[in-house]
Ligand code: NDP
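This is the structure:
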């Protein structure tokens, strides 16, 4: 018997709500709250009032408001699928009410495009002392990529040395320019300086300045660009044998051209500007005119391939494996009415919640995904629509 409060009603939440709704034996009572309550109501209509028991309007930037709602609903777990800005107020409310917490993206301050775990890791002792748990980054990347790495460390290597996380969306949504998850968060992420870990140090690169053409399973060769991604920070901390860790994402020429133009004319800036007597943030305005990622699903063709290339030592010999998942946009649309990027995030959020609720992954404190036994999570992935594969590579596509 468990009761969850899901915060946020966007693309990712839609998938998590629908997946949780199908497992009444674990999620017998689902409550949904978000800034725009009409989106919660629409989702409730879709899955039925017997599964989503009640919906609420909530400003999750306000910890007191979240605390009040938690006291009213009394959930066993809060699943935060709003935006990274809300992580800390929601964690504060969980702390005040003694409630477990899960999210899919680490905190970043609204006025500075900088995401780091330090703010959430600072809650470690407070959560431990309160006897409650926070599971950080239970999406695909971060999330499944952390679990893939932990799985490789457990079953395939004595020591992991090199990690390259690759994220390819080989899909076509037919729009000139659109992001696959929240445009504001996505554009803040990809316009930042690149960063990777090597020999104990973080090294920086100019944004999207390092390219490598990689061959993705069932997709083909795609230009992939090195960028910083949050799971690198926790994985190198928790798997200290790693000598180098990098993250690569594919972008098409058309996407990059649009991005360059938007950046060039200041539309991706987070500095407020004066407009007709009020202050507006260009990137927030841009989000308002771009397609809603949740609306891309219809007619979206192709698939994603996200995985981890890992090189290390087993029984004295060096080897490389690739653990990956392919996820088809049309299939996820048919199953839950969502595109594959929302799906590959929303399903792991449901799985993380399930493992917390049934006690499989449960300990007081603040944890990243690679800190738990990966096996039960890997088992659930296949069962809930994200089958994975391990490829033993003759040689790594990445030079040392
Ligand atoms: P959306 O923009 O589609 O949805 C975000 C939801 O949060 C919206 O319903 C929004 O409300 C709501 N929200 C925003 N601010 C507040 C607030 N102050 N109080 C209450 N609700 C609020 O985003 P996505 O679904 O695409 O992404 C959700 C999260 O998942 C993000 O944090 C994103 O970074 C993360 N993510 C993680 C991935 C991973 O693999 N780990 C991959 C993709 C996304 P409104 O409708 O009013 O705007």
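Numbering (the working numbering), first residue to last: 17 to 416.
Virtual Cβ for every residue (Gly too), placed ideally from N, Cα, C.
Each of 181, 70, 377 and 367 was checked against the Cα of residue 252, and the nearest Cα belongs to 181.
Of the residues assessed, residue 383 falls on the buried side of the cut-off, its CB having 16 or more other CB atoms within 10 angstroms. With a threshold of 6 Å, the Cβ atom of residue 50 counts as near ligand 1, since some heavy atom of the ligand is closer than that. A direct Cα-to-Cα measurement between residue 243 and residue 210 gives close to 4 Å. Distances from the CB of residue 393 to the heavy atoms of ligand 1 are all 6 Å or more. Residue 355 counts as buried, since no fewer than 16 other beta carbons sit within 10 angstroms of its beta carbon.
With the rule of 3 Cβ pairs closer than 8 Å, the region 255-272 does not count as touching the region 395-402. Scanning the region 239-302 for uninterrupted alpha helix (DSSP H) segments of 4 residues or longer gives 247-254 and 269-280, listed from N- to C-terminal end.
Scanning the region 307-357 for uninterrupted alpha helix (DSSP H) segments of 4 residues or longer gives 345-352, listed from N- to C-terminal end. Closest option to residue 79, judged by alpha-carbon separation, among 71, 20 and 104: 104.
Here DSSP, grouped into helix, strand and coil, assigns residue 43 to coil. In terms of Cα proximity to residue 330, the closest of 205, 234, 174 and 342 is 174. Shown here, residue 192 sits in coil according to DSSP, grouped into three states, outside any helix or strand. Not one heavy atom of ligand 1 lies closer than 6 Å to the C-beta of residue 208. In the structure shown, residue 135 adopts helical secondary structure according to DSSP, grouped into three states.
Taking C-beta atoms as the reference points, residue 409 and residue 324 fail to come closer than 7 Å. Residue 371 sits in a helix when the DSSP states are folded into three classes. The alpha-carbon separation between residue 360 and residue 246 amounts to approximately 17 Å. For residue 369 against residue 93, the beta-carbon gap comes to about 6 Å, under 8 Å, which counts as contact.
Within the DSSP secondary-structure output, residue 187 pairs in no beta bridge. With a cutoff of 7 Å on beta-carbon distance, residue 83 and residue 115 are scored as not near each other. If you look at residue 201, you'll find it in the alpha helix (DSSP H) that goes 199-206. When the alpha-carbon of residue 125 is set against those of 147, 146, 101 and 29, the nearest one is in 101. The beta-bridge partner set that DSSP reports for residue 409 consists of 336.
Contact annotation: residue 283 and residue 302 have beta-carbon atoms nearer than 7 Å. When only Cα atoms are considered, residue 345 and residue 357 end up about 8 Å apart.
Relative to the non-hydrogen atoms of ligand 1, the Cβ of residue 361 comes within a distance shorter than 6 Å of at least one.
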